[in-house]
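Structure, as structure tokens:
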Amino acid sequence: MRSRTSPTRLIRHRPLLTYFLLCYTVSALALVVIGPPELHPTRGRPTTALVMFPLMVVAVALIGLLLTRVTQGAPGLRRIRERFGVKVATRWYALLLVAPLGILGVLGALTITLSSAYHPQFLVYGLAAGLVSGFFEEIGWTGYAFPLMSAKWGWRRASLLLGVLWGVWHLPVVDSLGAASPHGTSWPAFFVSFVALVAAMRVLIAWAYVNTGSLRLAQLLHASSTGFLVVLGAPAASPRQEATWYAIYALLLWCVALLVMRRQGDLTSLEVTSAPLSPTSASSTPTTSSTPTTSNAPTTSAS
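Residue numbers (the numbering used here): 2 to 304.
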């Protein structure tokens, strides 16, 4: 008699597919609730997005923790917890300046050369949005998905794919992001620029993670990126101007990301089920050699 395949077995056989299907299901539900951007191109910022986005963010973390429990058990959850406490050399925290300096540089240059509409603002509360999204999302993206992906494809290809998937996941709420929301007919250009921006940032987050094994650093980098987009966004910019400066900022980030990808050799030995990280294993400084050591990278097993 043929035995039935249990959901648990399916999850263990296709953990990555299961994870992204569940995350995108929540994203799709948000799209149904909020509605496509073209349905409200001229009205104010959709308030439902302010509710749905936090739910999407928390779901990314909860799904990652649930699948970790199913596929790796308590040891897997313990390894994620241990990665919060990995010690990181102070130099790595300089990466937190990439987002604010990049945004200020782009907006400052555009303000001087094109229009005062690009003048940045300073909204301190934007950092709170960054901290919340960074804390929850990176439990799923970096804590669960990235180690599995890098075990299959190496960190560079994994970071590129995860970056695009991460960007597209924002589709239901993308028209509520930015200071020029809603974006009307400019929202497709804004969305493409946004995806390019976060994909480049994902490369930097992944690079930091494979060299330090620190989930907390990944969360802070995410928080810096998201938070300073809110803190420094140009409120006087039109939707088209916002899409423009996002595109230029994305190009700047890609210059940095490509430099990192060129200098940092690929790591193919990340394993999901190996021994837990030592709290002091990631105290090294940034590595740029073509053949980096993997002793301070998070260890995960391909499934």
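The beta carbon of each residue, even a glycine, is placed where N, CA and C say it ideally should be.
CB contact flag (residue i, residue j, <8 Å)
i, j, result
"PHE229", "ILE104", "yes"
"GLY65", "GLY155", "no"
"PHE137", "VAL58", "yes"
"LEU216", "PHE85", "yes"
"ILE140", "ILE206", "no"
"GLY131", "VAL52", "no"
"PRO173", "LEU23", "no"
"VAL204", "PHE192", "no"
"LEU111", "TRP255", "no"
"VAL133", "ILE249", "no"
"ALA209", "LEU96", "yes"
"GLY127", "GLN220", "no"
"TRP170", "SER28", "yes"
"VAL211", "SER151", "yes"
"THR91", "LEU78", "no"
Residue closest to residue i, alpha-carbon to alpha-carbon, out of the options
i, options, result
"MET202", "VAL99, GLY86 and VAL125", "VAL99"
"LEU218", "VAL125, VAL87 and VAL231", "VAL87"
"HIS120", "ALA244, ALA258 and LEU233", "LEU233"
"ILE12", "VAL71, LEU63 and ALA29", "VAL71"
"THR227", "GLY168, ALA60 and LEU115", "GLY168"
"ALA181", "VAL165, PRO236 and LEU128", "PRO236"
"SER225", "TRP208, TYR94, ALA248 and ALA90", "TYR94"
"ALA258", "ALA62, ALA248 and LEU198", "LEU198"
"ALA60", "ARG79, LEU254, GLY77 and THR26", "THR26"
"ALA146", "ALA190, ALA75 and LEU63", "LEU63"
Burial state of residue i (16 or more Cβ within 10 Å)
i, result
"THR281", "Only weak support is given to the placement of THR281: the predicted model assigns it a pLDDT of 39, under 50, and the value that follows is read from those uncertain coordinates. Its Cβ having fewer than 16 others within 10 Å, THR281 is exposed."
"PRO8", "exposed"
"VAL125", "exposed"
"PRO16", "buried"
"THR269", "With a pLDDT of only 43 at THR269, under 50, the local geometry of the prediction cannot be trusted, and the value read off the model is given with reservation. By the 10 Å Cβ count, THR269 comes out exposed."
"LEU18", "exposed"
"TYR20", "buried"
"ARG157", "buried"
"PRO148", "buried"
"ALA238", "buried"
"LEU102", "exposed"
"HIS14", "exposed"
"ARG10", "exposed"
Endpoints, the alpha helix (DSSP H) within which residue i is located
i, result
"THR114", "99-114"
"TRP208", "188-213"
"GLY131", "127-141"
"GLN220", "216-233"
"GLN242", "240-264"
"ARG157", "147-170"
"HIS14", "8-14"
Any non-hydrogen atom of the ligand ADP within 7 Å of residue i CB
i, result
"VAL87", "Ligands displayed in this structure: none; no statement on the ligand ADP is therefore possible."
Count the CB pairs spanning the stretch 146-162 and the stretch 175-186 that are closer than 8 Å, and state whether there are at least three.
-> Contact annotation: the stretch 146-162 does not touch the stretch 175-186, with fewer than three C-beta pairs closer than 8 Å.
Are three or more beta carbon pairs between the stretch 233-247 and the stretch 109-120 nearer than 8 Å?
-> Result yes; three or more Cβ-Cβ pairs closer than 8 Å.
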